[in-house]
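Residue numbers (my numbering): 4 to 131.
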């Protein structure tokens, strides 16, 4: 008998303003490659279990609004993968989204942010 066919790839869903680009192979922050708007986030679910290839990552770092707290450097805009916030210029390259989820938050900042991020993760295939 033939082995069973492999399971279909997960269905990537975006709730919010992020986009799928490059024929569904990449996800980006809103507005990329232009500045991302503030107060526009998204939740990306159904990401395949493969390592992220970060093509570009330029996200506003904290500013330590109230007190200097290096643990809170990503307090205005960040991409969360596996519960870890990523901001500045060091994105989640090589990280596998174990729960299939990435969350983009942009909540504060001054006007509009930097250019944001673009990442490739396995075979992103659909937008629902």
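Ideal placement from N, C-alpha and C gives every residue a C-beta, glycine not left out. None of these values were measured; they are calculated from a predicted model.
Open item on the list: By DSSP's criteria, residue 19 is part of a beta bridge. Which residues make up the other side?
Closed with: 45
Open item on the list: Less than 7 Å between C-beta atoms, sequence neighbours within five positions excluded: which residues of the same chain meet that for residue 202?
Closed with: Residue 202 is absent from the model: the chain starts at 4 and stops at 131.
Task: residue 94 vs residue 38 beta-carbon contact at 9 Å - done: no
TODO: Decide if residue 86 is buried, meaning its Cβ has at least 16 other Cβ atoms within 10 Å, or exposed.
DONE: exposed
- [ ] Going by DSSP, name the residue or residues bridged to residue 106.
- [x] 46 and 83
Task: Rounded C-alpha distance that separates residue 96 from residue 117 - done: 19 Å
- [ ] On the DSSP bridge assignment, give the partners of residue 89 in chain order.
- [x] 82
- [ ] Answer yes or no: do residue 100 and residue 52 have a C-beta to C-beta separation smaller than 9 Å?
- [x] yes
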